[in-house]
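With this note's numbering applied, the first sequence corresponds to residues 1 to 537, in that order. Glycine included, every Cβ here is placed at the ideal spot set by N, Cα and C. The model shown is predicted, which means the values in this text are computed figures rather than measured ones. Below: the structure, in structure tokens.
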Amino acid sequence: MPMIQDILTSSLRGALVGLGVEPVPERIPVERSNRPELGDWSSSVALAAAKASGRKPRDLADELAAKLRVDPPAYVSEITVAGPGFLNFKLHDRWLHDVLTEVVEKGVEGYARHDIGHGERVNVEFVSANPTGPLHVGAGRWAVYGDALCRILERCGHAIHREYYLNDRGVQMGLLAASVAAARAGQPTPEDGYQGQYIADWAAEMADDADPAVWAPQRALADIEAALGSLGVEFETWFSEKSMIASGAIDAALADLRASGLVYEKDGATWLRTTDLGLPKDEVLLKTGGEPTYLLGDIAYHRDKFTRGFTRLIDIWGADHHGHVDRLKAGVQALGHDPAELEIVLGQLVTIVKDGQVVRMGRRSGTFVELAEVVDEVGPDVARLTFLLQSIDTRQTFDLDAVVSKSMDNPVFYVQYAHARIASISRVAAEKNVPRYPLEMVDLSGLDHPRELDLLRSLGELPEVVADACRTRAPHKVATWVRELAGRFHGFYHDCYVMGEGVSHEQTQARLWLVESTRIGLAIGLDLLGVSAPDSM
RNA sequence: GCCCCUGUAGCUCAGCGGAUAGAGCGGCUGCCUUCUAAGCAGCGGGUCGCAGGUUCGAGUCCUGCCGGGGGCGCCA
């Protein structure tokens, strides 16, 4: 919560009480004005509270304004009423200069850091693609989103554990082994098997005495790990589904479920009575023949996460797993947990376009573009920001040709260029032996150019942007903010020289600190996205 | 049929219930004798899918319809 907002909110509350308005609204809206010519901040309380006060909105606004003018809140230079009854506050530029000071004093480490999570231990599971082949480009979205979300959660006071669930057991594993074995033997791909080029490559790579059932998943895992590593995404834990059979975790979960009284046998299979938990039908836990279903494994896995001490679990899944959400939540509930402790983020799928054509992704059909190829070609920064600029709730069109060939006007470079320009200013200042005074010795009051003030306005918003991105699980809000800050810096850079002819000593000193605060803002934003901040380009 | 996401400029997308809806790309036009032109500025471009409703106020919330994507397996 920014200081200004608190100041204005409490002043307005006081004024409302003073006018005898009953009841005073619980929430007093105070927001940044999007009409800079009218004011820096505004409030619409008068519109909301008009009825309760028995006045017309405009009249209430006028009275509030008159009352506040008697003893104006800190920073406020002018209070006006406009439109249907908006209160507009003009502030001394000093409020923005104080933003600069705060940014510099708190620095990259401390600015825009929150304690929303109070150190809560949160397990974030993402990607978790089956180890049946290389990752395709679309998986990059989950990797990058998940990692950025973790970074944001960390900055907001959560203890984060990144985890990848490895479905190294079950029907698909058998199909992978059979597909590789068949390719090795020069036989046709088995029914429902995998037939990408990589199957042939791997078959050729495999040693004669290797067991495909063991070797192939390991090969796939190595490939997946490498692709994610090249994107800069790393996990604390790679959790094996298969390991839960030997460890007894599956049996333990099943025993707990039985204890809930919701388990029964039918048609040779073992079922969970999920209809008792609000689902349209019951679910199978053990298939005919005793093999655990994916659902049982996943319930056991989530049970394990809870037993490891995490109090909140966040799973990031593609929308194609939507059907599994209620089942898993029901399973967690059957184990006695509040389903709210398990939060599932569903991301919309990525459509890949190549040569103007939609590429249908499917490992079994073998027509897919590998994530590793794309990262090799454009680099992790481009790949990351491309994924992160868009809300996870909208289907993303990833145009390979645009991302690759026109990489020069990718937003990444626009943002990084701002950072490089800042570094360049520092270099030149050093070369020219421009003295640099400590912030407390510098007069910031000369920072009054619209470009300078815009820059500070953006910087002032960062704490809220980070908190909002955290609460709404929306890293793209940080991405769009970074782009805006970079844009404002380029405008400043063009119009306001930091040193040189026609720039006074005082101006140089103030602007050097302005530039430094911008660097801090860019560094924080880019770090939250996992994008590098280069000193030269 | 039911469930989730979505429909905003030619294209790709932003837009906490607030005032005159924004950015990038593409098109046209200007700006390099000072810190990096991977930049800046200007012009053009919109019935925010449609219809109701709630509200002082709706691109934003609710309902219905239409279009797009995904889901509803003893697959994962």
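Whole-angstrom distance between residue j and residue i, CA atom to CA atom
{"i": "Trp202", "j": "Tyr164", "result": "23 Å"}
{"i": "Thr101", "j": "Gly110", "result": "13 Å"}
{"i": "Met3", "j": "Cys470", "result": "20 Å"}
{"i": "Leu342", "j": "Gln218", "result": "29 Å"}
{"i": "Val403", "j": "Thr472", "result": "27 Å"}
{"i": "Leu19", "j": "Ala48", "result": "15 Å"}
{"i": "Pro29", "j": "Ser43", "result": "6 Å"}
{"i": "Asp304", "j": "Thr132", "result": "24 Å"}
{"i": "Val531", "j": "Trp481", "result": "14 Å"}
{"i": "Val375", "j": "Val353", "result": "16 Å"}
{"i": "Met1", "j": "Asp115", "result": "Model confidence at Met1 stands at a pLDDT of 39, short of 50, so the residue's coordinates are unreliable; what they give is reported in the following sentence. Approximately 12 Å, taken between the alpha carbons."}
{"i": "Asn130", "j": "Gln172", "result": "8 Å"}
{"i": "Val103", "j": "Val466", "result": "14 Å"}
{"i": "Glu125", "j": "Val263", "result": "27 Å"}
{"i": "Lys432", "j": "Val108", "result": "27 Å"}
{"i": "Asp320", "j": "Phe306", "result": "25 Å"}
{"i": "Arg94", "j": "Ala74", "result": "10 Å"}
{"i": "Ala429", "j": "Asn34", "result": "36 Å"}
Sub-7 Å separation of residue i and residue j beta-carbons
{"i": "Leu563", "j": "Gln333", "result": "Given a span of 1 to 537 for the chain in the structure shown, any question on residue 563 remains unanswerable."}
{"i": "Ser517", "j": "Glu484", "result": "no"}
{"i": "Pro475", "j": "Ala148", "result": "yes"}
{"i": "Tyr145", "j": "Ile392", "result": "yes"}
{"i": "Lys287", "j": "Ala269", "result": "yes"}
{"i": "Val350", "j": "Phe398", "result": "yes"}
{"i": "Val76", "j": "Phe86", "result": "no"}
{"i": "Gly193", "j": "Ala178", "result": "yes"}
{"i": "Leu528", "j": "Ile152", "result": "yes"}
{"i": "His322", "j": "Leu346", "result": "yes"}
{"i": "Arg155", "j": "Arg113", "result": "yes"}
{"i": "Val81", "j": "Ala50", "result": "no"}
{"i": "Leu444", "j": "Arg488", "result": "no"}
{"i": "Arg327", "j": "Leu295", "result": "yes"}
{"i": "Gly117", "j": "His158", "result": "yes"}
{"i": "Leu526", "j": "Leu447", "result": "no"}
{"i": "Val503", "j": "Ile425", "result": "no"}
{"i": "Leu462", "j": "Gly379", "result": "no"}
{"i": "Ile344", "j": "Val325", "result": "yes"}
{"i": "Gly500", "j": "Val99", "result": "no"}
{"i": "Leu389", "j": "Ala479", "result": "yes"}
{"i": "Arg312", "j": "Glu120", "result": "yes"}
Beta-bridge pairing of residue i - partner residues as DSSP gives them
{"i": "Arg312", "result": "Val122"}
{"i": "Gln396", "result": "Val350"}
{"i": "Asn88", "result": "Ser42, Thr80"}
Touching by the beta-carbon criterion (3+ pairs, under 8 Å), the stretch 382-391 and the stretch 131-147: Counting C-beta pairs with one atom in each stretch, the stretch 382-391 and the stretch 131-147 have three or more that are closer than 8 Å, which means they touch.
Beta strand (DSSP E) runs contained entirely in the stretch 240-294, provided each spans 3 or more residues: 263-266, 269-272, 283-286
In chain order, each beta strand (DSSP E) run of at least 3 residues that lies wholly inside the stretch 109-194: Runs of the beta strand (DSSP E) inside the stretch 109-194: 120-125, 158-166.
Within the stretch 328-377, ranges of the beta strand (DSSP E) (whole runs, at least 3 residues): 342-347, 350-354, 357-359
Entirely enclosed alpha helix (DSSP H) segments - the stretch 34-81, minimum 4 residues: 45-53, 57-70
Cβ contact (3+ pairs, closer than 8 Å) linking the stretch 489-501 and the stretch 175-190: no
Three CB pairs or more closer than 8 Å across the stretch 502-522 and the stretch 420-439: yes
Contact between the stretch 67-76 and the stretch 7-24 (3+ Cβ pairs under 8 Å): yes
Minimum length 4: unbroken alpha helix (DSSP H) runs contained in the stretch 428-503: 450-471, 476-495
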